[in-house]
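The structure under discussion appears below in the form of structure tokens.
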Amino acid sequence: MNGTTTDYGLIFDDFQDFAEDFPNQAKELLDNVEEGDWQNDAIYYYASPDDYADYQVREGWYASIVNCDLAVVDYHGAPSLYDAIDFDELGQDLIDLADRTCVFATSKNEVIETDFGWKIK
Numbered sequence: 048m049n050g051t052t053t054d055y056g057l058i059f060d061d062f063q064d065f066a067e068d069f070p071n072q073a074k075e076l077l078d079n080v081e082e083g084d085w086q087n088d089a090i091y092y093y094a095s096p097d098d099y100a101d102y103q104v105r106e107g108w109y110a111s112i113v114n115c116d117l118a119v120v121d122y123h124g125a126p127s128l129y130d131a132i133d134f135d136e137l138g139q140d141l142i143d144l145a146d147r148t149c150v151f152a153t154s155k156n157e158v159i160e161t162d163f164g165w166k167i168k
């Protein structure tokens with residue numbers, strides 16, 4: 048396995064490393080986006096919308112808004128906000144609203160992301 052495992056998915060140094068571990072997903076991505084410099088940048092892989100949403104809540108987009116890790120905060124007996132989130136639904140909404148030049152959902156609903164950006168075919 049070429050990728051570095053995180054709590055949410057895998058981080059690959061570049062597209063080549065990603066393609067070696069996930070050849071079908073890499074082909075599907077290249078069927079939809081043009082080759083380019085993005086292939087030399089990190090690739091983030093999430094196995095499901097649920098994993099993608101979990102990342103966005105704990106370390107991504109929502110982390111700066113919430114300003115704490117909802118999964119580990121002490122709720123002092125109150126119900127956990129983290130446990131109440133429907134991560135699959137949130138993940139789907141995030142994918143639907145995502146910048147298509149940075150986020151791609153495969154036909155199996157896996158999520159591939161780049162910080163660099165790619166050009167849609």
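Counting in our numbering, the sequence shown runs from 48 upward without gaps.
We treat Cβ as the ideally placed atom computed from N, Cα and C, and that holds for glycine.
Since this is a predicted model, take the numbers as computed values, not measurements.
Check: residue i C-beta below 6 angstroms from any heavy atom of the ligand SAM
i	result
Y99	As far as ligands go, the structure on display features none, and thus does not contain the ligand SAM.
Rounded separation between residue i and residue j - CA only
i	j	result
L141	L77	22 angstroms
F62	D97	23 angstroms
L117	S127	8 angstroms
T53	K168	30 angstroms
K74	Q139	22 angstroms
A110	Q72	28 angstroms
A152	N114	28 angstroms
V120	R105	11 angstroms
Beta-carbon contacts of residue i that lie in its chain and below 7 angstroms, excluding the five residues immediately before and after
i	result
A94	G56, E157
L137	A100
W85	T161, F163, G164, W165
P70	none
D88	D61, T161, D162, F163
8 angstroms Cβ shell around residue i - same chain, five flanking residues per side excluded
i	result
M48	L57, D68
D64	N49, G50, I90
Buried versus exposed, by CB contacts within 10 Å (16 or more), residue i
i	result
E82	exposed
V80	buried
Y122	exposed
A66	buried
Any C-beta of chain D under 7 angstroms from that of residue i
i	result
E106	Here there is only one protein chain, and chain D is not present.
Chain-order list of residues whose beta-carbon lies under 6 angstroms from that of residue i (same chain, five-residue window excluded)
i	result
V150	E160
Quiz item: Counting pairs of beta carbons, one from the stretch 126-138 and one from the stretch 96-110, are three or more of them closer than 8 angstroms?
Solution: yes
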